[in-house]
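Q: For the sequence shown, my numbering assigns the number 91 to the initial residue and increments by one for each residue that follows.
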Amino acid sequence: MAGQNLIRIAALALGLSTLSFAAGVAGDLSSIDPPRSGQRVVLRIPPEIPADTPRAHPLLSTSSAEAAPESAVRRARHAERQRLVEA
91 MAGQNLIRIA
101 ALALGLSTLS
111 FAAGVAGDLS
121 SIDPPRSGQR
131 VVLRIPPEIP
141 ADTPRAHPLL
151 STSSAEAAPE
161 SAVRRARHAE
171 RQRLVEA
């Protein structure tokens with residue numbers, strides 16, 4: 091019984107959402123003529139970047155980057171943990 095009510099509620103919610111969406115689209119499409127007042131705005135995506143904008147350097151490639159040895163990282167964590175325990 092509860093499962094049937096849940097399905098009915100979900101179907102009703104989906105139907106109302108679809109009807110609301112269709113009404114919104116129909117309302118948008120019904121205004122064919124653009125407004126005659128106000129300024130016209132053109133939006134460029136992505137926007138133009140000024141020539142004097144600072145740029146980031148490219149990232150290092152994986153083959154040229156050097157990683158810290160794993161043992162150094164573990165020792166640093168262990169030392170930090172010991173320092174916290176002793177405090």
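In this text, a Cβ means the ideal position worked out from N, Cα and C, and glycines have one as well. The structure displayed is predicted, hence computed values, not measured ones.
(1) My output table needs one value for V115: the three-state DSSP class, helix, strand or coil.
(2) Where does E170 sit, in a helix, a strand or coil, going by DSSP?
(3) What's the gap between the Cα of T108 and the Cα of T143?
(4) Would you tell me roughly how many angstroms separate the C-alpha atoms of V132 and A141, rounded to the nearest one?
A: So, from the listed chains and residues:
(1) Residue numbering aside, residue 115 sits at position 25 when the sequence shown is read from its first letter. V115 falls in the helix class under three-state DSSP.
(2) Position 80 of the sequence shown, counted from the start, is the residue given in the question as residue 170. In this structure, E170 counts as helix in the three-state DSSP scheme.
(3) The residue labelled residue 108 in the question sits at position 18 within the sequence shown. The residue labelled residue 143 in the question sits at position 53 within the sequence shown. Taking the straight line joining both Cα atoms gives about 46 Å.
(4) Residue mapping note: residue 132 aligns to position 42 of the sequence shown, counting from 1. Residue mapping note: residue 141 aligns to position 51 of the sequence shown, counting from 1. Spanning the two alpha carbons is a distance of roughly 21 Å.
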